[in-house]
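Counting from 15, one number per residue, gives the positions in the sequence shown under the working numbering. Even glycine gets a Cβ: it sits at the ideal position worked out from N, Cα and C.
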Amino acid sequence: MWKCGKYKRLSKEDGHDVSYSIENQDAILDYYLSQHPEIQVVGDYQDDGRTGTDSDREDFQRLLSDIYAKKINCVIVKDLSRLSRNDYECGHYLEYVFVSLDVRFISVELPALDSYLRPEEISSIATKMQSYMNDQHCYQTSIKIRSVLDMKRSQGQFIGAFAPYGYLKDPNDYHKLIVNPETAPVVQDIFRWYVYEGMNKNAIARKLIDLGIPSPTAYKQQLGLNYHNPHAQTGKVYWSDRTIVNMLKNPTYLGHMVQGRHQVKSYKVHTIVPIPEEDWFWVENTHEAIIDQETYDRAQELLERNVRTSPKAKTVYLFSGFLRCGDCKRGMTRRTSKGYTYYSCKTYIMKNRGLCTSHTIRDELVEQVVFETVKKQIALCETLTQIIDEINQAPVVRNQSTRIEKQLKTKEQELHKVTNLCDSLYIDWKSGDLTREEYHRMKAKFEEQAEEIRQTIANLQEEQTFVSNGITSDDPYLQTFLKYKNIDHLERGIVVALIKQINIYEGKQIDVEFNFADQHQRILDFIEANRPKLSVVRTEAV
């Protein structure tokens, strides 16, 4: 008596093919078994929605376990592709595993095999060809699917199974994302806590847990989505610092569709590997943003600084990640002794005292000097704002845009006229009104005129761009600093928003490098270029 295990498998790609349905496989197997009473079914195994390119299938592994446990000694499938679509693995099970364990293998069709009645067919050319064709079917399907998905990615269509935390799939178009009013505020809180309130990643995770806010995994499960995270703690609201980092790094929150960051190694090896950033599919402005660009950029800068805190700390220190030794350019180490907090060069403390000096400085002195420097920079921004307003009040500036527009319109009309004349020359030549020599001479003349006009238009457009992009007192650099003009002390959010780096030199010398250095220089250049207009304004005021 043969103790048989019925094995059925249906992959996602087979889902619309009725002939491969689990029900149809069952019917075929039951009919065959009804004709062979010597075979007794003692086990039923099925993997629904699982690929046949590897053997990492739940019920297939259960089938193998029962074989090794001697519970079954016969395996029956509808056809060879149900056993496996991996040519190598299929041959391994047919010619080694089943043979060595004295297991009878039956394939009802494609090809019809029975290792007990016709053992020679197991290693036949026909069987090997069918196994190879099953393998190639997966290969070709994999190429087609990847091609279609890449096309959708390049068009900015969302193809993920689950929307990123903070978004939902648009019910009218599952390839679009819409803001989730329940979870988007949580995303905004995470960025605000990290960037402007100085909370570290672990503290953010702990706060979310204390507030009873479901983690991304738990939230998907609450929605009834068939989502499984092997790292999640079942039944618990669980956030981790890794989850926080992944969210802080996600450009989807800027309103951009970024996909193709990972892929499986091949259609057979399903290990997921990262893809170089230059090969990602990045399509901008495909959906509503949750986080503004400035906040996102600040978060990336802080993540790159790799700011560390003690495990029990909820917030990072005021200057964590910003202090650098002015000589060796390494970070400064924060230490506390006898009730005082001070910073010293990391190279001097941890590496080799011969490579650098201590650069030791008290924390309170750093805070005092940086605060005074910030206040001076804010005062400078107020002065720059006043000067820019004066420049933009000059009549010559107000009239520039109108003058350029009129000149552009005139030159575009001239270009249109010359182009039409040049085009009409060919007709005049062919009709006999012009000789060949006259045609080429006049054509060259008109083309030269057209090129001169195009160059003039290009110059005017460049001037128009400069005027339209002219600096105003609403410049983001100025407004960012002026937002803090009434501060009476430093906070982490102020340091993050305004400061790029703080360099500590021997002799307790401190140099503060501010953000917006390029914008600051651009404003100085703008003022220098417009000094004559500034004089006009002041003369008129007198």
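What does the Cβ neighbour count give for residue i, buried or exposed, with the cut at 16 atoms within 10 Å?
i, result
"residue 351", "exposed"
"residue 13", "Because the chain is modelled from 15 through 556, residue 13 falls outside the range shown and cannot be assessed."
"residue 393", "exposed"
"residue 247", "For residue 247, the pLDDT reaches just 48, beneath the cut-off of 50, and the residue's location in the model is therefore unreliable, although a value from the coordinates is still provided. Counting Cβ neighbours within 10 Å, residue 247 comes out exposed, since fewer than 16 surround it."
"residue 249", "Legend: pLDDT at residue 249 = 48, less than 50; position of this residue unreliable, no value from coordinates given."
"residue 175", "exposed"
"residue 434", "exposed"
"residue 132", "exposed"
"residue 237", "exposed"
"residue 353", "exposed"
"residue 335", "buried"
"residue 225", "exposed"
"residue 469", "exposed"
"residue 307", "exposed"
"residue 293", "exposed"
"residue 458", "exposed"
"residue 449", "exposed"
Are the Cβ atoms of residue i and residue j separated by less than 9 Å?
i, j, result
"residue 191", "residue 276", "no"
"residue 530", "residue 494", "yes"
"residue 422", "residue 474", "yes"
"residue 60", "residue 23", "yes"
"residue 36", "residue 62", "yes"
"residue 229", "residue 222", "yes"
"residue 580", "residue 94", "With the chain covering only 15 through 556, there is no way to say anything about residue 580."
"residue 20", "residue 58", "yes"
"residue 340", "residue 373", "yes"
"residue 122", "residue 304", "no"
"residue 152", "residue 282", "yes"
"residue 25", "residue 76", "no"
"residue 209", "residue 329", "no"
"residue 92", "residue 38", "yes"
"residue 166", "residue 189", "yes"
"residue 471", "residue 499", "no"
"residue 101", "residue 284", "no"
"residue 28", "residue 34", "yes"
What residues are listed by DSSP as bridge partners for residue i?
i, result
"residue 376", "356"
"residue 517", "338, 525"
"residue 274", "DSSP lists no partner for residue 274."
"residue 238", "Paired residue(s): none; residue 238 is not in a bridge."
"residue 184", "187"
"residue 24", "62"
"residue 18", "55, 88"
"residue 296", "272"
"residue 127", "121"
"residue 329", "213"
Using only CA atoms, which one of the options lies nearest to residue i?
i, options, result
"residue 272", "33, 264, 442", "264"
"residue 212", "126, 511, 356", "511"
"residue 489", "148, 127, 537", "537"
"residue 400", "331, 454, 496", "496"
"residue 333", "348, 341, 343", "348"
"residue 383", "367, 52, 518, 339", "518"
"residue 387", "357, 516, 298", "516"
"residue 461", "506, 448, 431", "431"
"residue 50", "526, 335, 15", "15"
"residue 47", "17, 535, 492", "17"
"residue 148", "169, 161, 96", "96"
"residue 402", "215, 426, 534", "534"
"residue 561", "106, 161, 204, 113", "A question about residue 561 goes unanswered here, because the residues of the chain that appear run from 15 up to 556."
"residue 477", "458, 440, 417", "417"
"residue 297", "266, 389, 284, 84", "266"
Looking only at its own chain, which residues have a Cβ that is under 6 Å from the Cβ of residue i, when we skip the five neighbours before and after it?
i, result
"residue 197", "179, 180"
"residue 355", "377"
"residue 219", "253, 254, 255, 258"
"residue 385", "504"
"residue 136", "108, 129"
"residue 544", "405"
Near residue i, which residues of its chain fall below 7 Å by C-beta distance, leaving aside the five closest residues on each side in sequence?
i, result
"residue 522", "375, 379"
"residue 542", "none"
"residue 526", "384, 387, 513, 516"
"residue 118", "16, 87, 88, 129, 130"
"residue 141", "125, 127, 135"
"residue 509", "332, 333, 336"
Is the closest heavy atom of the ligand GTP to the C-beta of residue i under 8 Å?
i, result
"residue 385", "For the structure depicted, the ligand GTP is absent and the ligand set is empty, with no information on it obtainable."
Skipping 5 residues on each side, what residues in its chain have a beta carbon closer than 8 Å to that of residue i?
i, result
"residue 317", "259, 262, 263"
"residue 554", "Unreliable positioning characterises residue 554 in this predicted model, as indicated by a pLDDT of 42, which lies under 50. The coordinate reading is nonetheless provided below. Same-chain partners within the cutoff: there are none."
"residue 288", "275, 276"
"residue 364", "347"
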